[in-house]
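Asks: Attaching a single structure in structure tokens format; questions to follow.
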Amino acid sequence: MGINDESDIDANLQIGPTSMGMVRLYVEGGGVELPMDFEPEEAEEIAEEMLAAAKQARALADSTKSKKK
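For what it's worth, numbering that gives the first Met the number 0 labels the leading residue of the sequence shown as 0, then goes sequentially.
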């Protein structure tokens with residue numbers, strides 16, 4: 000499965016700090032529980048990557064909408 004493949008799997012995502020000073024991404028779905036801990040600096044890098052991807056996705060969606068008009 001790649002990043003562009005659709006899936007019918009429902010999952011929950013929780014994000015928060017741990018008592019050990021880490022940032023945890025906790026994914027639960029399809030019978031899997033996946034806790035991922037990151038140093039704060041790593042979490043900031045991930046957040047920057049997510050913002051960049053959201054900006055690119057928005058631009059793609061906007062260009063698709065304008066082509067349909």
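Heads up, the beta-carbon is just placed ideally off N, CA and C, and yes, glycines get one too.
1. Among A51, M49, P16, which residue has its Cα nearest to the Cα of P34?
2. How far does the alpha helix (DSSP H) with I2 in it extend, from its first residue to its last?
3. Could you check where the beta strand (DSSP E) with E32 kicks off and where it finishes?
4. The beta strand (DSSP E) that contains G28, what's its start and end?
5. Would you call the region 54 to 61 and the region 29 to 43 touching, i.e. three or more CB-CB distances under 8 Å?
Replies: Straight from the coordinates:
1. Within the sequence shown, residue 34 is the residue found at index 35, counting from 1. Nearest of A51, M49, P16 to P34, Cα basis: P16.
2. Residue numbering aside, residue 2 sits at position 3 when the sequence shown is read from its first letter. No alpha helix (DSSP H) holds I2; DSSP gives it neither H nor E.
3. Locating residue 32 in the sequence shown gives position 33, counting from the first residue. Segment 31 to 37, the beta strand (DSSP E) holding E32.
4. As a working note, residue 28 is residue 29 in the sequence shown. 22 to 28 is the extent of the beta strand (DSSP E) around G28.
5. no
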